[in-house]
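First up is the structure itself, then whatever we jot down about it.
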Amino acid sequence: MRARKEKNARHISPTVWLLYVWTVLFVALPLVYVVAITFLKKGDVWGITDQFTLENYQNLLSPVYAKVFLDSFLVAILTTALTLLIGYPFAYFTAKFSPRVRAFIVLLLMAPFWINSLLRLNGWIILLKANGAVNMALQGMGLIEEPVKFLYNNGAMMLGMVYALLPFMITSIYNSVEKLDWPVVEAARDLGASPAKAFLTVTVPLTVPGIVAGCVLVFVPSMGLFFISDLLGGAKTLLLGNLIKNELMQARNWPMGAALSIAMLLFTTAFIFLYKKVTGSKNLGGLM
Amino acid sequence: MKKNKWASKLFVFLVLLFNYLPIFVVVIYSFNASKYGNWAGFSLEWYEKLFKNAQILRSLKNSLFLAVSSCALSILIGTAGAVGMAKSRFRTQNLLENVSMIPMMLPEIILGMAYLSFFSIARIPFGMITLIIAHTTFCVPYIFINVQSRLTGLDPAYVEAARDLGASQTRAFYDVTLPLITPAIVSGALLSFAMSMDDVVISFFVTGTTSNTLPLQVYSMLKMGVTPEVNALCTIMLAVVFGAIGLFYLLGSLRKKAR
Numbered sequence: 011m012r013a014r015k016e017k018n019a020r021h022i023s024p025t026v027w028l029l030y031v032w033t034v035l036f037v038a039l040p041l042v043y044v045v046a047i048t049f050l051k052k053g054d055v056w057g058i059t060d061q062f063t064l065e066n067y068q069n070l071l072s073p074v075y076a077k078v079f080l081d082s083f084l085v086a087i088l089t090t091a092l093t094l095l096i097g098y099p100f101a102y103f104t105a106k107f108s109p110r111v112r113a114f115i116v117l118l119l120m121a122p123f124w125i126n127s128l129l130r131l132n133g134w135i136i137l138l139k140a141n142g143a144v145n146m147a148l149q150g151m152g153l154i155e156e157p158v159k160f161l162y163n164n165g166a167m168m169l170g171m172v173y174a175l176l177p178f179m180i181t182s183i184y185n186s187v188e189k190l191d192w193p194v195v196e197a198a199r200d201l202g203a204s205p206a207k208a209f210l211t212v213t214v215p216l217t218v219p220g221i222v223a224g225c226v227l228v229f230v231p232s233m234g235l236f237f238i239s240d241l242l243g244g245a246k247t248l249l250l251g252n253l254i255k256n257e258l259m260q261a262r263n264w265p266m267g268a269a270l271s272i273a274m275l276l277f278t279t280a281f282i283f284l285y286k287k288v289t290g291s292k293n294l295g296g297l298m
Numbered sequence: 048m049k050k051n052k053w054a055s056k057l058f059v060f061l062v063l064l065f066n067y068l069p070i071f072v073v074v075i076y077s078f079n080a081s082k083y084g085n086w087a088g089f090s091l092e093w094y095e096k097l098f099k100n101a102q103i104l105r106s107l108k109n110s111l112f113l114a115v116s117s118c119a120l121s122i123l124i125g126t127a128g129a130v131g132m133a134k135s136r137f138r139t140q141n142l143l144e145n146v147s148m149i150p151m152m153l154p155e156i157i158l159g160m161a162y163l164s165f166f167s168i169a170r171i172p173f174g175m176i177t178l179i180i181a182h183t184t185f186c187v188p189y190i191f192i193n194v195q196s197r198l199t200g201l202d203p204a205y206v207e208a209a210r211d212l213g214a215s216q217t218r219a220f221y222d223v224t225l226p227l228i229t230p231a232i233v234s235g236a237l238l239s240f241a242m243s244m245d246d247v248v249i250s251f252f253v254t255g256t257t258s259n260t261l262p263l264q265v266y267s268m269l270k271m272g273v274t275p276e277v278n279a280l281c282t283i284m285l286a287v288v289f290g291a292i293g294l295f296y297l298l299g300s301l302r303k304k305a306r
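So the sequence lines, in the order shown, correspond to chains A and B. Under our numbering, the first residue of the first sequence carries the number 11, and numbering increases by one thereafter. Under our numbering, the first residue of the second sequence carries the number 48, and numbering increases by one thereafter.
Okay, structure coming up:
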């Protein structure tokens, strides 16, 4: 190692090797492998054959898959928009409290993270199911005769999505708002801007990094969280995550699952890129 | 202005309520004598059943073992990597950094599917080993990023001073650098631990028949239907989390008083 260091200015500290080997072996290789199998025919029972094909990519264009893509995209966009709509005011108001209260609110928000998210989603199932708490209460008050079907529809799935991902949006925006240079906002006010105008032209543009980070953190996982659609949505809407899971575990069609994954990856990357471009121009119209 | 303040407080309160509503419900129902929606009186039956449920207990043990081992491994890899990177200059450095961060950006399901096919072809049997590999991989970036940002904020004069005073490179690392980056390692490790305990998607693809983790166990129980033991488990975890937070705050205030 030392000899190499003296030979030229380049040198690798020996402690990097662990990260190097791990990354090549368990990040780069599996991902390259996934890309490779999208070009192969599927095996008879499971796995792959060594025959080259473009079939998997042609299949992506079929109406069945296109519909799943469209549905997933709508769910992801809607989840991102809703979490932003709730998360931004929450982060903004929280940042205006005194430091003690602020720390307490952030703690309250983060504490449930330590409890498994499925255990928390179970609370919604108890609340919403046919003989659940909400129906019992409504029936008890005589407002409804028959139990209402709250569970196993798209509304319940959206509720679960927003519930699971809202903290990610809030913490990202909060980090941005907390660092905000308040005198700049006050200056805008002193120069005659209305509170709304000062907010829209000064505060929001200054917190764009937090907004972008939050949107990415919500948008990217929202396409893959198959268990929320399974448990709350009753798998009524097939999301990309569910489809990939089914291709792998039920149809045992790895190449198709891989092709879907790659399409999803390109899709999310393109969206993030586009989103950064649009919001980077400080154009408010670009915000959803 | 006054009115605004009041409205903003209400909004924050309502969002927090939304966050805790399902948790409160789970706690209440964990003491419900009935399996179903109606309230049939206070009971500890589900706690008793939980402690007799060998499947849940085994999955909890698996999850804790998995979280601790992948945390320890990712601390080793992430910290050593970040420290080494700061001292190195090589051609593939940027590439390595970007590729090693991929697991953090990638939708979980893609990593899950990649591992399912990769481990099959590499003939690594699915089980605890594959789980540890997968969890370590998605935890490393959190440690790496934390340590790296701490290192860049560090004044190199500290280490230089130690070296000038005759400390070896190793000694300077253990006595100077390590204590300074420990908070970053701890916060990264806490996050990694929580992520590992919570992961459903990646574990779903790489688990074996004997290595069910707690989230997977809960997932399959929820899919089957009525599961009051799960409520009891959630309540216990809630108590542990808030107990730990309370203890942390208590120790913090005691230390302040001692000063």
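Backbone N, C-alpha and C define an ideal beta-carbon position, used for all residues, glycine too. Quick caveat, the model's predicted, so the values are computed rather than measured.
field: Neighbour list for phenylalanine 58 of chain B in chain A, Cβ cutoff strictly below 8 Å
entry: Pro99, Phe100 and Phe103
task: Determine, using beta carbons only, whether valine 146 of chain B comes closer than 9 Å to chain A.
output: yes
message: Can you look up arginine 170 of chain B in the DSSP assignment and give me helix, strand or coil?
response: coil
Among B:Val72, B:Phe173 and B:Phe165, nearest to glycine 57 of chain A - alpha-carbon criterion: B:Phe165
- prompt: Taking the alpha helix (DSSP H) that aspartate 81 of chain A falls in, what are its first and last residues?
  reply: 73 to 106
message: I'd like to know if threonine 302 of chain B contacts chain A, where contact means its C-beta is closer than 9 Å to some C-beta of that chain.
response: Residue 302 of chain B is actually arginine in this sequence, not threonine. No, because no Cβ of chain A sits closer than 9 Å to the Cβ of arginine 302 of chain B.
Residue environment, isoleucine 154 of chain A, which counts as buried when at least 16 other CB atoms sit within 10 Å: exposed
message: Along the chain, where does the alpha helix (DSSP H) containing threonine 254 of chain B start, and where does it finish?
response: Threonine 254 of chain B -> no alpha helix (DSSP H), and no H or E assigned at all.
- request: Could you confirm whether any beta carbon from chain A is found closer than 9 Å to the beta carbon of asparagine 66 of chain B?
  value: yes
For valine 78 of chain A, the nearest candidate out of A:Trp264, A:Leu249, A:Met266 and A:Phe281 (CA to CA): A:Leu249
task: My understanding is that leucine 253 of chain A touches leucine 270 of chain A, with C-beta atoms under 8 Å, so please give their C-beta distance in whole angstroms.
output: 6 Å
field: Which listed residue (B:Ile122, B:Lys56, B:Leu113 and B:Glu144) has its alpha carbon closest to that of methionine 132 of chain B
entry: B:Glu144
field: Own chain partners of leucine 138 of chain A with C-beta closer than 7 Å, once the 5 adjacent residues on each side are dropped
entry: Val144, Phe160, Leu161 and Ala166
Pairwise C-alpha distance: leucine 201 of chain B and cysteine 118 of chain B: 24 Å
Bounding residues of the beta strand (DSSP E) (the contiguous stretch that carries phenylalanine 20 of chain B): This structure leaves residue 20 of chain B out entirely; chain B is present only between 48 and 306.
- prompt: If you measure from the beta carbon of glycine 125 of chain B to each beta carbon in chain A, is any gap under 9 Å?
  reply: yes
- request: Please classify asparagine 66 of chain B: is it buried, with 16 or more other beta-carbons within 10 angstroms of its beta-carbon, or exposed?
  value: buried
- request: Using alpha carbons as the reference points, say which of A:Leu242, A:Gln68, A:Leu176 and A:Ser72 lies closest to isoleucine 135 of chain A.
  value: A:Leu242
Coil, strand or helix - leucine 50 of chain A by DSSP: strand
- prompt: Is phenylalanine 178 of chain A near isoleucine 87 of chain A, with beta carbons less than 9 Å apart?
  reply: no
- prompt: Quick one: is phenylalanine 71 of chain B buried, meaning 16 or more other Cβ sit within 10 Å of its Cβ, or exposed?
  reply: exposed
- request: Answer yes or no: does any C-beta atom of chain C fall closer than 9 Å to that of alanine 236 of chain B?
  value: Protein chains A and B are contained in the structure displayed, whereas chain C is not.
query: Mind pulling the chain A residues with CB within less than 7 Å of asparagine 100 of chain B?
result: Within 7 Å Cβ-Cβ: nothing; asparagine 100 of chain B doesn't reach chain A, min ~15 Å.
Beta-carbon spacing of valine 248 of chain B, alanine 38 of chain A below 9 Å: no
- request: Using a threshold of 9 Å, state whether the C-beta atoms of leucine 261 of chain B and serine 121 of chain B are closer than that.
  value: no
- prompt: Quick one, are the C-beta atoms of valine 34 of chain A and alanine 268 of chain A less than 9 Å apart?
  reply: no
message: proline 188 of chain B and methionine 244 of chain B - do their beta-carbons sit closer together than 9 Å?
response: no
message: What does DSSP give as the partner residue(s) for arginine 313 of chain B in the beta ladder?
response: With chain B covering 48 to 306 only, the question about residue 313 of chain B has no answer from this structure.
message: Output needed for glycine 174 of chain B: all residues of its chain with C-beta closer than 7 Å, excluding positions within five of it in sequence on either side, in chain order.
response: Gly255, Thr257 and Ser258
- prompt: Starting from threonine 184 of chain B and walking both ways along the beta strand (DSSP E), at which residues does that stretch end?
  reply: Premise fails: threonine 184 of chain B lies in the alpha helix (DSSP H), 175 to 199, not in any beta strand (DSSP E).
Limits of the alpha helix (DSSP H) - the one that isoleucine 238 of chain A falls within: 236 to 241
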